[in-house]
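Residue numbers (our numbering): 107 to 438. Yeah, the Cβ is synthetic: ideal placement off N, Cα and C, and Gly gets one too. Working notes, structure below.
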Amino acid sequence: MGKILVTGGAGFIGSNFVHFLIGNTDSEVVVLDKLTYAGNPASLAGLPEERVSLVVGDVCDAETVDALVAGADAVVHYAAESHNDNSLAGPRPFVDTNILGTYTLIEAARRHGVRYHHISTDEVYGDLELDDPQRFTESTPYNPSSPYSSTKAGSDLLVRAWVRSFGLEATISNCSNNYGPYQHVEKFIPRQITNVIDGIRPRLYGTGLNVRDWIHANDHSSAVWTILNRGRIGETYLVGADGEKDNKSVVEAILALMGEDPQAYDHVADRPGHDLRYAIDSTKLRTELGWTPAYRDFDSGLAATIGWYRDNEDWWRPAKAATEAKYARSGQ
């Protein structure tokens, strides 16, 4: 694929995908990013300018989107409002970006006959009981529980309808929780890592027994590239690396890997509607398309992530104080 348009390519998962493309393909990449607080052009620093260009713009801007899609061989749509706490405090941006932005992109892709891949989340399926032996599959009914997950569910359904009604050449992937470089310090793992670096005790919602299925962002990127090249049009693929961990265990692992007492953290009030457990069954992706994750051991991926935040303080430091001030105002 000669030219790939990556929306949200200055954000966490999107920028990791851009780095993956530059390191593993010959593709040219155009990044469309609104550069909200979660988008950081520094995440693209050092990439070759002849292969990566950044367009600052909104996925809801039909004119900008149309011009960029017309010149692309494929679109990979990462751009999203994605923080659950923020969606509870102010849902409207989630409706705008996640639903209207997706509509704008798929209409442009339909007009120009461009291959489209839609990045989604396992949160559209709701949650599982902690002792439930089942995991999410591509046939699990949608049951979102927050403004974030409900707007992502809506965007998935738009893509499915455009495939069926208009012949859009599209695939969808629903991925489990990502961790790795370039993730904003408001998110769970980088917040704990940077707190420990700053000598601040990590904070854990509720009992900390909520379970997430973790995957390194590099593995997510390789899965998306596999689907983009070999996935069947109209299909959905779940992306996971068998990384189920409860939040308590993750915090304790971070502390231990950073040479601290694993019990040196505090519990804070749980957030409303906090899903209990996510768990991905990625059998379809692995058997049909032959994908496997590189980071099969969560602790090794977590250690590499801790090392990245230790070595790149200049990247995350500018956002840290404001993030902690926001959490302090809400008692978190």
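Excluding sequence positions up to five before and after Ser193, its CB lies within less than 6 Å of the CB of Phe200, Ser252, Pro253, Tyr254, all in the same chain and listed in chain order. Comparing C-alpha distances from Tyr433 to each of Thr210, Tyr311, Ser261, Asp420 shows the shortest one belongs to Tyr311. Residue environment: Ala400 is assigned as exposed (fewer than 16 neighbouring CB atoms within 10 Å of its CB, all protein chains considered).
Between the alpha carbons of Leu395 and Arg336 lies a gap of roughly 7 Å.
Between the stretch 373-384 and the stretch 309-325, the count of C-beta pairs closer than 8 Å reaches three or more; the two stretches touch. Around the C-beta of Leu274, 16 or more other C-beta atoms lie within 10 Å, and the residue is accordingly described as buried.
With a cutoff of 8 Å on beta-carbon distance, Asp262 and His223 are scored as not near each other. The alpha-carbon separation between Ala410 and Thr243 amounts to approximately 29 Å. Taking the CA atoms as reference points, Gly152 sits about 21 Å from Ile412. When beta bridges are read from the DSSP output, Leu138 appears opposite Thr113, Val161. Taking Ile339 as the centre and dropping the five residues before and after it, the same chain places the C-beta of Val269, Glu275, Ala276, Thr277 closer than 8 Å to its C-beta, in chain order. Annotation for Asn301: the continuous alpha helix (DSSP H) segment containing it runs 294-303. Distance from the Cα of Ala186 is smallest, within the candidate group Ala375, Ser149, Gly117, for Gly117. Here His322 is not near Cys281, since their CB atoms are 8 Å or more apart.
Counting along the chain, Glu350 sits inside no alpha helix (DSSP H); it lies in the beta strand (DSSP E) bounded by residues 350-352. DSSP places Leu310 inside the beta strand (DSSP E), whose first and last residues are 309-311. When C-beta atoms of the stretch 155-171 are compared with those of the stretch 197-213, three or more pairs fall below 8 Å, so the two segments count as touching. Note that the stretch 229-247 does not touch the stretch 285-297; fewer than 3 beta-carbon pairs, one per stretch, sit closer than 8 Å. Counting only runs of 4 or more residues that sit fully inside the stretch 314-396, the alpha helix (DSSP H) segments are 323-336, 353-363, 389-395, in chain order. Here the alpha carbons of Leu363 and Ile110 stand approximately 37 Å from one another. Excluding five sequence positions before and after Ser133, the CB atoms of its chain that fall closer than 6 Å to its own CB belong to Met107, Ile110, Leu127, given in chain order. In its own chain, leaving out the 5 sequence neighbours on each side, no residue places its CB closer than 6 Å to the CB of Asn130. Residue nearest to Lys140 within the set Thr203, Leu150, Ala431, Trp414 is Thr203 (criterion: CA-CA distance). Around the beta carbon of Pro147, fewer than 16 other beta carbons sit within 10 angstroms, so the residue counts as exposed. The beta strand (DSSP E) runs lying completely inside the stretch 179-203 and spanning 3 residues or more are 180-183, given in chain order.
Going by DSSP, Ala276 is part of no alpha helix (DSSP H) but of the beta strand (DSSP E) stretching over 276-281. For Ser226, the uninterrupted beta strand (DSSP E) run begins and ends at 221-227, by DSSP.
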